[in-house]
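Q: Residue numbers (the numbering used here): 144 to 536.
Using N, Cα and C, we set each Cβ at its ideal position, and we do this for glycine too.
Following this message is one structure expressed as structure tokens.
Below, the structure written as structure tokens:
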């Protein structure tokens with residue numbers, strides 16, 4: 144990373160009112176009393192980067208968990224630390240993840256005042272039975288209400304998250320969800336196939352036969368239907384799971400940085416970073432995170448070994464690994480793919496020479512398209528994307 148190269152900032156808020164049955168993220172319910180001192184620890188960790196003149200923030204993303212559980216006063220406290228520590232791009236994208244039912248018009252007005260300009264709402268489904276299966280606390284009426292409040296407050300970039308491939312979900316109910324969501328005309332949509340993860344109540348129920356395991360052919364049909372349906376409703380798919388309004392085209396700039404394998408700094412319990420040629424990770428439990436930050440509040444990251452007192456693991460990434468990661472991540476981008484020019488500029492070697500055999504193999508399988516300026520997934524490759532990505536691990 145060169146001096147003043149732009150960087151993304153991720154703030155992890157791990158608290159939830161209720162942990163969803165499918166969730167294996169680093170999230171915790173019943174810890175609301177911990178939130179104020181956790182925010183203090185976040186501010187301390189941010190300040191650990193003071194003095195590093197290279198950090199120039201291009202995007203900020205508050206993820207979780209449920210960041211919208213934080214009051215506007217606590218969010219303002221975090222922004223004070225951010226502004227005192229980092230150089231900020233004048234038109235940077237600032238996103239808050241939120242659950243329907245946690246958003247009010249006054250709260251959204253306060254977010255706009257703080258500088259937030261993008262909100263991502265976890266809708267997941269428009270079907271009441273499916274939301275109950277997921278242990279979600281909202282209804283689709285809450286989604287509609289939250290969307291209208293956000294629009295009224297002045298948010299022009301609103302994303303809705305949806306899940307498909309749920310137990311007992313039908314292609315018809317998925318169509319119903321898509322139709323109701325499109326009627327709201329959100330600027331951005333993120334569609335994710337449900338993955339039954341170890342340690343989650345939903346996997347336990349599926350393993351015991353209480354609920355059916357999602358049928359893979361049905362999941363594929365749902366994805367293909369979404370591609371066709373959203374294209375007919377003025378949405379452009381720019382990433383495997385992400386769509387933006389064609390007439391108001393705006394990719395999520397923060398996530399785009401992940402797919403381009405560009406630097407980012409993660410703050411908070413369990414947060415990951417990719418900075419100064421290192422990938423490093425914070426301790427996961429909020430209690431441990433607070434303790435580690437408080438144990439040495441004056442610790443600053445070392446130039447040769449970035450991280451903070453919360454860091455528990457750090458790995459120096461060599462050039463070959465970085466190249467492989469750049470291919471695996473970049474192929475998520477369906478329009479731009481991986482650029483020959485950008486790859487050579489970054490690594491000093493030609494992409495087509497570095498991966499000649501792998502590219503030839505994937506092209507023969509019909510999974511990638513080798514163009515004149517880039518490499519990208521084909522339609523078949525989108526359905527078998529993980530198989531393609533595994534070729535670069």
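Could you tell me which of 256, 271, 241, 198 sits nearest to residue 219, measuring between CA atoms?
A: Counted from its first residue, the chain shown places residue 219 at position 76. Among 256, 271, 241, 198, the Cα nearest to that of residue 219 belongs to 256.
Q: Would you call residue 227 buried or exposed, if buried means 16 or more other Cβ atoms sit within 10 Å of its Cβ?
A: Along the chain shown, one-based indexing puts residue 227 at 84. By the neighbour-count rule (16 or more Cβ atoms within 10 Å), residue 227 is not buried but exposed.
Q: Return the chain-ordered ranges of every alpha helix (DSSP H) run that is complete within the segment 174-238 and spans a minimum of 4 residues.
A: 178-190, 215-228, all fully within the segment 174-238.
Q: With the cut-off set at 7 Å, would you say residue 389 and residue 423 are in Cβ contact?
A: Start at 1 with the first residue of the chain shown, and residue 389 comes out as number 246. Start at 1 with the first residue of the chain shown, and residue 423 comes out as number 280. Contact: no.
Q: In chain order, what residues of the same chain have a beta carbon less than 8 Å from the beta carbon of residue 180, not counting five sequence neighbours either side?
A: Looking up residue 180 in the chain shown gives position 37. Answer for residue 180: 433, listed in chain order.
Q: Ignore the nearest five residues each way along the sequence and tell me which others in residue 527's own chain have a CB closer than 7 Å to its CB.
A: The count along the chain shown starts at 1 and reaches residue 527 at position 384. So the list reads 510, once near-sequence residues are dropped.
Q: Please state whether DSSP places residue 454 in a helix, a strand or coil.
A: Along the chain shown, one-based indexing puts residue 454 at 311. Strand, per DSSP.
Q: Is it buried or exposed, residue 291, if we count other Cβ atoms within 10 angstroms and call 16 or more buried?
A: Here residue 291 refers to the residue found at position 148 of the chain shown. Counting Cβ neighbours within 10 Å, residue 291 comes out exposed, since fewer than 16 surround it.
Q: Take residue 288 as the anchor and find which of 253, 245, 406 has the nearest alpha-carbon.
A: Within the chain shown, residue 288 is the residue found at index 145, counting from 1. It is 245.
Q: With a CB to CB cut of under 6 Å and the five nearest residues on each side skipped, what residues in its chain are close to residue 268?
A: The residue labelled residue 268 in the question sits at position 125 within the chain shown. Excluding residues within five positions, the ones whose Cβ falls inside 6 Å are 274, 320.
Q: Using the rule of at least 16 other Cβ atoms within 10 Å of the residue's Cβ for burial, across every protein chain shown, is residue 160 buried or exposed?
A: As a first step, residue 160 is located in the chain shown; it is residue number 17 there, counting from the start. Residue 160 should be labelled exposed.
Q: Name the two residues that bound the continuous beta strand (DSSP E) containing residue 304.
A: Along the chain shown, read from residue 1 onward, the residue named residue 304 stands at position 161. Unbroken beta strand (DSSP E) run through residue 304: 300-307.
Q: To which residues of the same chain is residue 438 closer than 8 Å at the C-beta, ignoring the five residues directly before and after it?
A: Against the chain shown, residue 438 aligns to sequence position 295. Excluding residues within five positions, the ones whose Cβ falls inside 8 Å are 452.
Q: With H, G and I counted as helix, E and B as strand and the rest as coil, what does DSSP make of residue 529?
A: Reading the chain shown from its first residue, position 386 is the one you call residue 529. Helix.
Q: In this structure, how does DSSP classify residue 364 when only helix, strand and coil are distinguished?
A: Against the chain shown, residue 364 aligns to sequence position 221. If DSSP states are grouped into helix, strand and coil, residue 364 belongs with the helices.
Q: Under the assumption that residue 119 contacts residue 480 (Cβ atoms under 8 Å), give the Cβ distance between them as a whole number of angstroms.
A: The chain is shown only over 144 to 536; residue 119 falls outside these bounds and no answer can be derived.
Q: What residue range is occupied by the uninterrupted alpha helix (DSSP H) comprising residue 397?
A: Position 254 of the chain shown, counting from 1, holds the residue named residue 397. It spans 396-402 - the alpha helix (DSSP H) in which residue 397 sits, taken as one unbroken run.
Q: Would the segment 221-240 count as touching the segment 201-208 if we require 3 or more Cβ pairs under 8 Å?
A: yes
Q: Nearest to residue 234 by alpha carbon, out of 249, 260, 532?
A: Residue 234 sits at position 91 when you count from the first residue of the chain shown. Answer by Cα proximity: 260.
Q: Between which two residues does the beta strand (DSSP E) holding residue 331 run?
A: The residue you call residue 331 lines up with position 188 of the chain shown. Per DSSP, residue 331 belongs to the beta strand (DSSP E) from 331-336.
Q: Evaluate the contact criterion for the segment 347-363 versus the segment 377-393: three or more CB pairs, one atom per stretch, below 8 Å.
A: Cβ pair count under 8 Å is below three, so no.
Q: Counting only the same chain and skipping the five closest in sequence on each side, list residues whose C-beta sits under 6 Å from that of residue 285.
A: For this step, residue 285 is matched to residue 142 along the chain shown. Same-chain partners within the cutoff: 243, 244.
Q: Can we say the segment 181-197 touches the segment 163-172, given the rule of at least three CB pairs closer than 8 Å?
A: no
Q: Going by alpha carbons, who is nearest to residue 301 out of 340, 327, 278, 367?
A: Taking the chain shown and counting its residues from 1, the one referred to as residue 301 is at position 158. Among 340, 327, 278, 367, the Cα nearest to that of residue 301 is on 327.
Q: Which residue from 494, 450, 387, 305 puts its Cα closest to that of residue 468?
A: Your numbering for residue 468 matches position 325 in the chain shown. With distances taken between Cα atoms, residue 468 lies closest to 494.
Q: Taking three-plus beta-carbon pairs below 8 Å as touching, is the segment 511-519 in contact with the segment 408-421?
A: no
Q: Please report the straight-line C-alpha distance between residue 524 and residue 508, rounded to a whole angstrom.
A: For the purposes of this step, residue 524 is taken as residue 381 along the chain shown, with counting starting at 1. For the purposes of this step, residue 508 is taken as residue 365 along the chain shown, with counting starting at 1. The alpha-carbon atoms of residue 524 and residue 508 are separated by roughly 9 Å.
Q: On the criterion of 16 or more Cβ atoms from any shown chain inside 10 Å, does residue 534 qualify as buried, or is it exposed?
A: Position 391 of the chain shown, counting from 1, holds the residue named residue 534. Buried: at least 16 other Cβ atoms inside 10 Å.
Q: If residue 212 and residue 266 are in contact, beta carbons under 8 Å, what's the gap, nearest whole angstrom?
A: Stepping through the chain shown from its first residue, residue 212 is reached at position 69. Stepping through the chain shown from its first residue, residue 266 is reached at position 123. No, residue 212 and residue 266 are not in contact; Cβ-Cβ is about 17 Å, not under 8 Å.
Q: Please list, in chain order, all residues of the same chain as residue 522 whose beta carbon is under 8 Å from its beta carbon, the five residues on each side excluded.
A: Mapped onto the chain shown, residue 522 falls at position 379. Same-chain partners within the cutoff: there are none.
Q: On the three-state DSSP scale, how would you describe residue 481?
A: In the chain shown, counting from the first residue as 1, residue 481 sits at position 338. Strand.
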